[in-house]
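Numbering (the working numbering), first residue to last: 629 to 1102. Don't be surprised by glycine CBs; every beta carbon is placed ideally from N, CA and C. Note that the coordinates shown come from a computational prediction; the quantities given were computed from them, not determined experimentally. This report refers to the structure that appears directly beneath it.
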C-alpha cells in the first residue's frame, strides 16, 4: 500500500510541476490537493499548495496553508512566514501581516528585516491598485495597518506609499494629513513631485466647464473624476446659477459670466470667448474645456501624461464613450460605444488662448466643438486626437433644437467667409474658403437650412480628420 501511495504521489508531483511550468495553476492546485490528501504530514506539499493559491490570487487560502505549515513543523516557520506575509500584503489583510512580522522579529530580527524588504513590493502593489481605482478610503484604511517594520524601511517603495496615501487624504479633504505626510519629503526622494505627477497626471491643468443646475449626481461624478487626476476645475455661469451651484460644488471655482445667451436661446448659456478668457487668466500652463457630464476614467496614466505633454504644442481633443450608467465602467472598463458626432473635451497651452478667444459660439449650443479645432488649424496650431478610452458619458434624453443647429450653421459659414488671406493660412483655411464660395448660392436662397448645416458639419469633420495628428492609447 505504501508503495502504491508513493507511486501515486510521485505521479502527482510530476503533474503539479508540469501544470505549474505552463501557468495552469488551477490544474496544479487540484493535483497538489490530492498530494496533500495522500501525505498530509508533508509540510512542503502544503507550502507548495499555498504558493499555487497565491499565484491564482486566492490569498486567504494561501494564508491558511501558511498557518498550517508553521503548525506542522516549527523549523519551517521562516518559509511559512514568507508565504503568510506575501499573501496578507497582496490581499490587504495588513494586520495579519503585521502580527506575523512582529512574531518573526521576536524569533529573528534579521529574518524579519529580510522578509520585510522582500515583501514591500506586495504592499506597494495593493496600495497602487486601490489608488488607481480611486478607492481612497481603502488606501487610507490599509495604510493605517502598515506593519511597523515596513514603515521603518528606507526604501523608495515605502516613500511612494506615503505619497499615495498623502494623495488619498487630499482627495478625502484632509489637507492637514496630506501636509503632514509630505513634509520633509524633498530630502527623502530625489523627485517626489514626479510621483505626485504619476498619480495626478493632470496636475497643473485648469479645466473649465459650465455646470448645470440639474443632473447633479452625474456632474458630481464628473467633477470628482477631474479632481482625481489633479485638475483644477473652473465653472463659468450666470450669477443666478452660481447661487444655486456654489454650495453643491464647494471644490469648484466659479466665475461670473459677463454675459449669457438667455435672450437669444432662453437659457443662460455662456460664450466660448468668455470661457477661453477665463482660461487665459487661470495661471496654469495647460488648460482645457470639458462638457460638465463627462467622466474621466482611465488606469492608463501614461496615456494621460502623454496627452498633457502633447497639449503644450497642439490642441488635443477626444471623443466620448456612451454608457447606460457610469457605474458600468467600474465593473467593465471596456463598456460603452464610441461617439464621434461631436467632441467633448479639449486640452491646450494657455499661450494659445489668445488665438482661440475671438469667436461667436456658445458653450452648450451646436458647433462650438467643431469650430475650436478649425480655428486652431487656421491659426497654424496642430490638432491632435487622443485615441483611447478616457471620457465616458451617461446616455440621457437629448434636447436637440434643429433650428439652433441651422442658425449656427450660418454663423460658421460667415466665420469661414471672414478668414483673412486664407491662401497663407494653410490647407484648412484654403479648403474652407473654397467651400464657402461653393456654398454661395445656397446661402443666398436659404435652401433647406438644417440639411445645409449638416453638409457643413460633415465637411468640417472630414477636414479635422485629415489635418489631425493622433496619440494612440497603448
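Check: Secondary structure, alpha helix (DSSP H): runs of 4+ residues fully inside the stretch 974–1034; Outcome: 981–984, 996–1006
Check: Buried versus exposed call for residue 687 [16 or more other C-beta atoms within 10 Å across all chains shown]; Outcome: buried
Check: Alpha helix (DSSP H) segments (min. 4 residues) lying fully within the stretch 817–903; Outcome: 820–827, 844–856, 867–873, 890–893
Check: Span separating the alpha-carbon of residue 638 from that of residue 659; Outcome: 11 Å
Check: Pick from 1058, 806, 871, 646 that is closest to residue 791, judged by C-alpha positions; Outcome: 806
Check: Whole-angstrom distance between residue 930 and residue 709, CA atom to CA atom; Outcome: 36 Å
Check: Segment limits, alpha helix (DSSP H) that includes residue 768; Outcome: 764–772
Check: Simplified DSSP state of residue 948, which is helix, strand or coil; Outcome: strand
Check: Limits of the alpha helix (DSSP H) - the one that residue 729 falls within; Outcome: 722–735
Check: Where residue 677 sits in the DSSP three-state scheme; Outcome: helix
Check: Short CB-CB distance (under 8 Å) between residue 851 and chain D; Outcome: Absent from the structure: chain D. Only one protein chain is present.
Check: Own chain residues within Cβ distance below 7 Å of residue 748, not counting five before or after; Outcome: 778, 781, 783, 785, 786
Check: Buried versus exposed call for residue 860 [16 or more other C-beta atoms within 10 Å across all chains shown]; Outcome: buried
Check: Neighbourhood of residue 1073 by C-beta, 8 Å cutoff - its chain only, sequence neighbours within 5 removed; Outcome: Note that residue 1073 has pLDDT 47, beneath the 50 cutoff, so the model's placement of it is unreliable and no number is given.
Check: Pair within 8 Å by beta-carbon distance, residue 957 and residue 963; Outcome: yes
Check: Exposure label - residue 645; buried when at least 16 CB within 10 Å; Outcome: exposed
Check: Span separating the alpha-carbon of residue 817 from that of residue 753; Outcome: Note that residue 817 has pLDDT 46, beneath the 50 cutoff, so the model's placement of it is unreliable and the number below is only indicative. Looking at the two C-alpha atoms, the distance is approximately 19 Å.
Check: Inter-stretch contact at 8 Å, needing at least 3 Cβ pairs: the stretch 1078–1087 / the stretch 1026–1046; Outcome: yes
Check: CA-to-CA distance, residue 975 to residue 1093, given in whole angstroms; Outcome: 17 Å
Check: Proximal residues to residue 1037 (C-beta, below 6 Å), its chain only, five neighbours per side dropped; Outcome: 1081, 1084
Check: Buried or exposed (CB count within 10 angstroms, at least 16 for buried), residue 734; Outcome: exposed
Check: Buried versus exposed, by CB contacts within 10 Å (16 or more), residue 1048; Outcome: exposed
Check: Nearest neighbour of residue 987, chosen from 715, 683, 1046 [CA to CA]; Outcome: 1046
Check: Where residue 968 sits in the DSSP three-state scheme; Outcome: coil
Check: Span of the beta strand (DSSP E) around residue 1100; Outcome: 1097–1100
Check: Simplified DSSP state of residue 1037, which is helix, strand or coil; Outcome: helix
Check: Neighbourhood of residue 906 by C-beta distance below 7 Å, restricted to the same chain and skipping five residues each side; Outcome: 836, 862, 864, 883
Check: Pick from 793, 1010, 992 that is closest to residue 770, judged by C-alpha positions; Outcome: 793
Check: Minimum C-alpha distance to residue 1005 - residue among 1089, 1021, 989, 934; Outcome: 1089
Check: CB-CB length for residue 640 against residue 656, believed under 8 Å; Outcome: Wrong, their Cβ atoms sit about 10 Å apart, outside the cutoff.
Check: Identity of the residues DSSP links to residue 693 by a beta bridge; Outcome: According to DSSP, which records beta bridges pairwise, residue 693 is partnered with nothing at all.
Check: Assumed close pair residue 996, residue 990 - CB separation to whole angstroms, cut-off 8 Å; Outcome: 6 Å
Check: Three-way DSSP call (helix, strand, coil) for residue 651 in this model; Outcome: coil
Check: Residues near residue 922 in its chain [Cβ-Cβ closer than 8 Å; skip 5 each side]; Outcome: 850, 948, 972, 973, 1019, 1020, 1021
Check: Residue 651 versus 675, 969, 682, 1032, residue with shortest Cα-Cα distance; Outcome: 682
Check: Touch test, the stretch 839–856 against the stretch 872–880, Cβ-Cβ under 8 Å, three pairs minimum; Outcome: yes
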